[in-house]
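Peer 1: Have a look at this one.
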Amino acid sequence: MGFADQRFNVNLSILFTELPLLERPAAAAAAGFTAVELWWPWIDSPTPERSELDALRKAIEDAGVQLTGLNFYAGQLPGPDRGAASVPGEESERFRANIDVAAGFAESLGCKALNALYGNRVVGVDPAEQDALALENLVLAARAADRIGAILLIEALNKPESPLYPLVSAPAAVGIVEKVDQASGLGNARFLMDLYHLSRNGEDLPSVIERYAAVTGHVQIADNPGRGAPGTGSLPLEDLLDQLGKAGYEGWVGLEYKPGDRPSAEAFDWLPAGARAAR
Numbered sequence: 082m083g084f085a086d087q088r089f090n091v092n093l094s095i096l097f098t099e100l101p102l103l104e105r106p107a108a109a110a111a112a113g114f115t116a117v118e119l120w121w122p123w124i125d126s127p128t129p130e131r132s133e134l135d136a137l138r139k140a141i142e143d144a145g146v147q148l149t150g151l152n153f154y155a156g157q158l159p160g161p162d163r164g165a166a167s168v169p170g171e172e173s174e175r176f177r178a179n180i181d182v183a184a185g186f187a188e189s190l191g192c193k194a195l196n197a198l199y200g201n202r203v204v205g206v207d208p209a210e211q212d213a214l215a216l217e218n219l220v221l222a223a224r225a226a227d228r229i230g231a232i233l234l235i236e237a238l239n240k241p242e243s244p245l246y247p248l249v250s251a252p253a254a255v256g257i258v259e260k261v262d263q264a265s266g267l268g269n270a271r272f273l274m275d276l277y278h279l280s281r282n283g284e285d286l287p288s289v290i291e292r293y294a295a296v297t298g299h300v301q302i303a304d305n306p307g308r309g310a311p312g313t314g315s316l317p318l319e320d321l322l323d324q325l326g327k328a329g330y331e332g333w334v335g336l337e338y339k340p341g342d343r344p345s346a347e348a349f350d351w352l353p354a355g356a357r358a359a360r
């Protein structure tokens with residue numbers, strides 16, 4: 082097995098960002114990919130105008146690519162914000178307002194995975210209060226995902242880049258998956274295994290895969306150090322994906338890396354052209 086045996090999609094919120102949003106799906110298709118994923122594209126609005134939603138939907142449909150993953154509203158990304166589900170006040174309200182909008186957009190494109198970033202700790206707020214709020218909001222998100230036949234993803238980030246984010250290990254994120262499933266009774270929460278973030282946390286990646294492949298709903302990759310394409314750092318990504326496959330993971334692998342000082346279209350030389358289309 083190897084890279085050619087995986088199902089890859091391109092994250093259009095970190096790759097092809099040199100292009101306007103509506104041109105990125107076609108650029109991914111021109112590079113040979115048949116599937117894409119997105120962070121919530123409207124960082125200032127959890128509820129954009131219908132015309133904006135329709136324009137992005139049309140761009141994805143016209144490009145002939147499948148939307149396989151979408152983030153709920155998560156504040157300013159990339160940037161210091163890391164989600165809104167656990168943040169009291171306006172941000173939590175914006176997250177809730179976004180739930181049905183994001184789920185409806187995902188449903189319109191057949192997208193079956195919705196990612197909810199947990200949210201940073203807030204100075205002066207009891208962490209237990211934030212955790213209770215997060216669980217309440219994540220259950221609402223899980224119910225919305227269930228209504229469209231989708232899964233809810235819970236992601237661990239890395240402490241060096243997200244020091245206020247509380248889910249900075251695989252066990253911490255999987256613990257929230259279990260709490261959401263228990264509270265919702267739906268069983269549709271899954272772990273988003275981002276190998277870059279986990280490696281920056283110093284985790285034993287083969288051990289993480291062995292323990293958590295069965296509860297993983299999506300995988301994302303970038304090399305470390307640098308968050309570049311596979312081969313630009315030292316992570317044995319091909320071996321790790323091989324292990325995931327042998328452990329039974331058959332889902333998508335999201336390319337969530339920075340292209341470096343070159344156009345995004347030139348950042349896929351590590352991946353054979355024939356391996357870019359979903360099979």
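Okay, so the sequence shown: first residue is 82 according to my numbering, each after it adds one.
Where a beta carbon is used, it is the ideal one built from N, C-alpha and C, also for glycine.
1. Considering only C-alpha positions, which residue in the set ALA194, ASP212, PRO241, GLY156 is nearest to ALA223?
2. Taking 7 Å as the limit between beta carbons, can you name the residues of its chain near LEU325, skipping five residues before and five after?
3. Considering only the alpha carbon of each residue, which of ASN92, GLY332, PRO106 lies closest to ARG138?
4. When you compare only the Cα positions, how much space is there between GLY164 and SER243?
5. According to DSSP, is GLN157 helix, strand or coil?
6. Can you tell me where the beta strand (DSSP E) holding ILE290 begins and where it ends?
7. Excluding five sequence neighbours on each side, which residues of the same chain lie with their C-beta closer than 6 Å to the C-beta of VAL182?
8. Beta-carbon within less than 7 Å of LEU316's beta-carbon, same chain only, minus the 5 sequence neighbours each way: which residues are those?
9. At what residues does the alpha helix (DSSP H) containing ARG175 begin and finish?
10. Closer than 7 Å: is that where the CB of GLN87 sits relative to any heavy atom of the ligand GDP?
11. Return yes when the Cβ of ASN90 is within less than 8 Å of the Cβ of ALA116, no when it is not.
12. DSSP puts TRP333 in a beta bridge; with which residues?
13. For GLY329, which residues of its own chain have a beta-carbon under 8 Å away from its beta-carbon, when the five flanking residues on both sides are left out?
14. What does DSSP give as the partner residue(s) for VAL117 in the beta ladder?
15. Short of 7 Å in beta carbon distance, which residues of its chain neighbour ILE180, apart from the five on each side in sequence? Order them along the chain.
16. Comparing alpha-carbon positions, which option in ARG202, GLY205, ASP125, ILE141 lies nearest ALA178?
17. If I follow the unbroken alpha helix (DSSP H) through LEU245, where does it start and stop?
18. Would you identify the three-state DSSP class for ASN196, choosing helix, strand or coil?
19. Taking DSSP's pairing of strands, which residues face GLY164 in a bridge?
20. Hey, ALA348 and LEU102: beta-carbon distance below 8 Å or not?
21. Count the other CB atoms, across all protein chains shown, that sit within 10 Å of the CB of GLU99; report buried if there are 16 or more and exposed otherwise.
Peer 2: Short version:
1. ALA194
2. ILE290, ALA294, VAL300
3. PRO106
4. 11 Å
5. coil
6. No beta strand (DSSP E) contains ILE290, which is instead part of the alpha helix (DSSP H) from 286-293.
7. THR128
8. LEU276, SER280, ASP304, ASN305
9. 171-189
10. Ligands displayed in this structure: none; no statement on the ligand GDP is therefore possible.
11. yes
12. ARG88
13. ALA294, ALA295
14. VAL91, LEU148
15. PHE153, LEU221, ALA222, ALA225
16. ASP125
17. No alpha helix (DSSP H) contains LEU245, which DSSP labels as neither H nor E.
18. strand
19. TYR199
20. no
21. exposed
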